[in-house]
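The listed protein sequences correspond, in order, to chains A and B.
Our numbering numbers the first residue of the first sequence as 53 and each following residue consecutively.
Our numbering numbers the first residue of the second sequence as -10 and each following residue consecutively.
Take a look at the structure below.
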Amino acid sequence: MTVRVGICSTAHVNAEVYAALLSKLPAVDLVGISGQNPERAQQRANAVGTSAMPHSELMRTADGVVVCSPTAAHEELIELALQHDVAVLCEKPLATSLAAAKSIQDRCEERDVVTGMAMPLRYSRPMRRLKERYEAGAVGELLAVSGVNRGRMPGGWFVDPELAGGGAIADHTDHIVDVVRWITGEEVREVYAETDTRFYDIPVEDVNLLSMTLSNGASFSLDGSWSTPQKNPFWGDASVELVGSETTLSADCFGYRYSHVRDTGHGGHNESIYWGADPNNALLRDFVASIRGESTVATSLDDAVQTAAVIAAAYESVERGEPVEVTY
Amino acid sequence: MQRIVVVGAGAAVQAHAERYERFDDAAVYGVVGGAAESGDGGSDFESVDAPSYDSLSGALRDDDVDGVDICGPGSTFGDALETALNVGIPTRCDPPFALDDATYDRVVSLAAESNGWILSHSPHRFSRLYDRLHSAIESGGIGSIGVARIERTAPFCGPGWNVSYDGVSAIESHVDALCAVLAHDVDVLEWTFGPIERVFVRMRTSARCDHAHAVFAFREGGRATVETRWHRNEPPDPRVNVEYSGNHGRLDFDESDASTALREDGASLAVDPPEDDCRGRALRSFLDHLRDADLPPSDVAPTTPSRVVAAVRRSADEDIPVTLAEGSP
């Protein structure tokens, strides 16, 4: 059975990535790309041989959509999808506030529609092996978790607090918090945040250092800053280290890389190329399988609300200048 | 010839004695075992060609000592530190020289009243690597600091800057050990990025290893994280990751950047002769101060690593961020 999938909005940097992957997936018909910017939507659509169309038309055409809009627009687009019984895979974070995230989750629960978050790290093979090793007891008692998920500052709507819900905290807290919750089965209990705007002249934070505790007492640090230089040969990083009473295990999602130094005098001269299995591909395959009723998207909206609560606590910590207990 | 009494635990004392022997203008006048070895009468020092003493006061009895070198955190050898200050002998010790506010105040005040002084820099400052990083930052190589990130395991030996942690193994309390390791990074961070204004830390302990992560805010802006693991029984593989990111670029290195320079059967070997590695250069600087009667800028220099680790302990105990007072050194 061919599944009809669309990309809803081209605002997110991943829209182009998802479109390219979906256009090559077997038994998937990339039926269209919608967006408020018709020119950009047409350009993206042309690149992958599909059509550009308004959101409402896409919802009438597709079985499922990947929502790649600014965070503030998630609610409206998910509501539109629900009205058309269209499955949703939503870019993170779910909403610009914890209250909005809960509201979206409640409405999705009322409808029998496939919904999930676009959190590819749960499909990363290093992370999957890490989870297997952790669950087999290799780490022993978990003492500490260390995570990094830095990246280049994305600009655009990502630095508009109204559209994004904040800066680097809003953008770079979800992935590692989600994957650590998934691996360990523990929840974040307390957050202390140190933030600053040091790299760019922008109205949001680009430094994002979180010091957390998990429900089992383990400490959990996360550097999610937009500190990767724009000219870095790779976009950023995503890794987790588990320090335990028995051993220390670490997983680097993008550890499989080689370097390419160009000597042509054109364009970028130095690039790192990731050659491992693409977690985005596995994420999209799983979404398609979920629409067919053969699978479940790994990160649910319930998970998304949990991470939204951590983000909210981090911003509260910045405001209060002290550690804040996470309220779910 | 500068006559030096070396105080510390076995391996660290031997490492220092080996370096002093290579200097033409220095001689090890005596060695003193630390608290961790108080029961063995200094028997670990048999390979050092100098008399061993049970206490620094015993070694200073002849009154012809020019300097005291505490290899290992000064806080572990607090009695020796205070003894040296009481008789006005210049002292070099690894940071931290204090782990709590009361000890800090007592040592600083004692130094102010004494003819002696204390140099308590991390040997990291004397490594070519950290010096190059420091110079790159000072010359605007990465612009303004945004985030600094340091991860390390301890203890382990060589190469280069790693020898700074040899003496830390004399510490038994996990919090103190973590603080002693953190003090070196704090010293380098302050040296490179200016005063630390605020610290928040979490510590965890187990039978195998202890772990701490600290978050720092600099007074002039920028943030840093330092994460360290202290292994109790078996030294781990060397692990150091240092990254300084600023608005105009990034500097980073890890242990591979140095440990691959000379290897045998997969193990790294030291390249620099001992007198010219970071610790040797730190001792050389101490001797130069003694020879030239070149007084340090204050009675105790630097003081901030100890102030910060005292704040680190308080933050860990009370689960609060601790702000260091404005205008402190």
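The C-beta atom is built at its ideal place from N, Cα and C for all residues, glycine as well.
Fair warning: this is a prediction, and the values are worked out from it, not measured in the lab.
Next item on the list: Could you spell out where the beta strand (DSSP E) holding Trp209 of chain A opens and where it closes?
Entry: In the DSSP assignment, Trp209 of chain A falls outside any beta strand (DSSP E) and carries neither an H nor an E.
Next item on the list: Please name the residue in B:Arg212, B:Asp58, B:Ala73 and B:Ser98 whose C-alpha comes closest to that of Cys82 of chain B.
Entry: The option with the nearest alpha carbon to Cys82 of chain B is B:Asp58.
Note to self: Out of B:Asp13, B:Ile78 and B:Glu35, which one is the CA nearest neighbour of Ala282 of chain B?
What the structure shows: Of B:Asp13, B:Ile78 and B:Glu35, the residue nearest in Cα terms is B:Ile78.
Check: Can you give the Cα-Cα distance for Thr54 of chain A and Leu173 of chain A, rounded to whole angstroms?
Finding: Their backbone Cα atoms lie some 26 Å apart in a straight line.
Check: Less than 8 Å separating the beta-carbons of Val295 of chain A and Met264 of chain A?
Finding: Taking the C-beta atoms as reference points, Met264 of chain A is found no nearer than 8 Å to Val295 of chain A.
Next item on the list: May I ask which residues mark the beginning and end of the beta strand (DSSP E) holding Arg241 of chain A?
Entry: Under the DSSP assignment, Arg241 of chain A falls in the beta strand (DSSP E) whose first and last residues are Val240 to Asp248.
Check: Between the stretch 242 to 259 of chain B and the stretch 154 to 172 of chain B, do at least 3 Cβ pairs fall closer than 8 Å?
Finding: With contact defined as three or more Cβ pairs closer than 8 Å, the stretch 242 to 259 of chain B and the stretch 154 to 172 of chain B are not in contact.
Next item on the list: Would you please state the rounded distance, in angstroms, between the beta carbons of Pro310 of chain B and Glu184 of chain A? I believe it to be under 8 Å.
Entry: About 37 Å; that fails the 8 Å criterion.
Check: Among the residues of its own chain, which have a CB less than 6 Å from the CB of Ser279 of chain A, if the five just before and after it don't count?
Finding: Arg202, listed in sequence order.
Next item on the list: Please state if the CB of Pro106 of chain A and the CB of Ser75 of chain A are separated by a distance shorter than 8 Å.
Entry: Their beta carbons are not under 8 Å apart, which means Ser75 of chain A does not touch Pro106 of chain A by this criterion.
Next item on the list: Could you tell me whether any Cβ in chain A is nearer than 8 Å to the Cβ of Ile309 of chain B?
Entry: The beta-carbon of Ile309 of chain B is placed less than 8 Å from the nearest beta-carbon of chain A.
Check: Taking contact to mean at least 3 C-beta pairs separated by less than 8 Å, is the stretch 148 to 164 of chain A in contact with the stretch 234 to 252 of chain A?
Finding: Under the three-pair Cβ rule at 8 Å, the stretch 148 to 164 of chain A does not count as touching the stretch 234 to 252 of chain A.
Check: On the premise that Ile59 of chain A lies in contact with Val118 of chain A, defined as a C-beta separation below 8 Å, what is that separation, rounded to the nearest angstrom?
Finding: Taking a contact as a CB-CB distance under 8 Å, the pair Val118 of chain A and Ile59 of chain A counts as one, their CB atoms being some 5 Å apart.
Next item on the list: Just list the alpha helix (DSSP H) runs in the stretch 268 to 308 of chain B, keeping only unbroken ones of 4 residues or longer that don't cross its boundaries, in chain order.
Entry: Within the stretch 268 to 308 of chain B, the alpha helix (DSSP H) runs of at least 4 residues that lie entirely inside it are, in chain order, 293 to 307.
Next item on the list: Tell me, please, whether the CB atom of Val204 of chain B is closer than 8 Å to any CB atom in chain A?
Entry: Output row for Val204 of chain B: interface = yes.
Notebook entry, point to check: Below 8 Å between beta carbons: does that hold for Leu266 of chain A and Glu246 of chain A?
Noted result: No; because the gap between Cβ atoms is not below 8 Å, this pair is not in contact.
Next item on the list: Please list the residues of the stretch 208 to 223 of chain B that have a C-beta atom closer than 9 Å to any C-beta atom in chain E, keeping them in chain order.
Entry: This model lacks chain E altogether, as its protein chains are A and B.
Check: Beta carbon of Gly276 of chain A, beta carbon of Ile221 of chain A: below 8 Å?
Finding: Yes; because the gap between Cβ atoms is below 8 Å, this pair is in contact.
Checklist line | Backbone CA spacing between His220 of chain B and Glu264 of chain B [nearest angstrom] | finding: His220 of chain B and Glu264 of chain B have their C-alpha atoms roughly 28 Å apart.
Checklist line | Strand pairing of Glu232 of chain B, partner residues [DSSP] | finding: For Glu232 of chain B, which the question treats as bridged, DSSP gives the partners B:Arg138 and B:Asp241.
Next item on the list: Closer than 6 Å by C-beta to Asp90 of chain B: which residues in its own chain qualify, once you throw out the five before and the five after it? Chain order, please.
Entry: Taken in chain order, the residues that qualify are Ala299.
Check: Excluding five sequence neighbours on each side, which residues of the same chain lie with their C-beta closer than 6 Å to the C-beta of Leu129 of chain A?
Finding: Excluding its 5 nearest sequence neighbours in each direction, Leu129 of chain A has C-beta neighbours in its own chain below 6 Å: Cys60, Val119 and Ser121, listed in chain order.
Notebook entry, point to check: Beta-carbon separation of Thr217 of chain B and Arg303 of chain B under 8 Å?
Noted result: No, they are not a contact pair.
Notebook entry, point to check: From Ser297 of chain A to Phe189 of chain B, what distance separates their C-alpha atoms?
Noted result: As the crow flies, the alpha-carbon of Ser297 of chain A is around 24 Å from that of Phe189 of chain B.
Next item on the list: Go ahead and pull the three-state DSSP assignment for Asp115 of chain A.
Entry: Residue state for Asp115 of chain A is assigned as coil, using DSSP reduced to three classes.
Notebook entry, point to check: Should Pro78 of chain A be labelled buried (16 or more other beta-carbon atoms within 10 Å of its own) or exposed?
Noted result: Per the 10 Å Cβ criterion, exposed.
Note to self: Using CA atoms only, rank isn't needed, just tell me which of A:Ile228, A:Gly288, A:Arg159 and A:Asp315 is closest to Ala133 of chain A.
What the structure shows: Measuring from the Cα of Ala133 of chain A, the nearest candidate turns out to be A:Arg159.
Next item on the list: State the beta-bridge partners of His312 of chain A as determined by DSSP.
Entry: A:Glu323, per the DSSP bridge assignment.
Check: So, Tyr308 of chain A versus Trp287 of chain A, is the Cβ gap smaller than 8 Å?
Finding: Cβ atoms of Tyr308 of chain A and Trp287 of chain A: not closer than 8 Å.
Notebook entry, point to check: Tell me which same chain residues have a C-beta within less than 6 Å of the C-beta of Val211 of chain A, skipping the five on either side of it?
Noted result: Same-chain partners within the cutoff: Ile254 and Val256.
Check: Hey, quick one: how far does the beta strand (DSSP E) through Arg114 of chain B stretch, first residue to last?
Finding: Per DSSP, Arg114 of chain B lies in no beta strand (DSSP E) segment and is marked neither H nor E.
Check: So which residues of chain B does Gly373 of chain A contact, with C-beta pairs closer than 7 Å?
Finding: Chain-order list of chain B residues neighbouring Gly373 of chain A: Pro310, by C-beta distance under 7 Å.
Item checked: Spatial neighbours of Ala100 of chain B in its chain, beta-carbon cut-off 8 Å, leaving aside the 5 residues before and after -> Annotation for Ala100 of chain B: Leu74, Trp106, Ile107, Asp288 and Val289 place their beta carbon closer than 8 Å to its own, counting only its chain and skipping 5 residues before and after.
Next item on the list: Under 7 Å between beta-carbons, which chain B residues line up against Val259 of chain A? List them in chain order, please.
Entry: Within 7 Å Cβ-Cβ: Gly135, Val136 and Arg212.
Check: When the cut-off is 8 Å and only beta carbons count, does Phe145 of chain B lie next to chain A?
Finding: Closer than 8 Å to the CB of Phe145 of chain B there is not a single CB belonging to chain A.
Item checked: C-alpha gap between Asn284 of chain A and Tyr252 of chain A, whole angstroms -> Spanning the two alpha carbons is a distance of roughly 16 Å.
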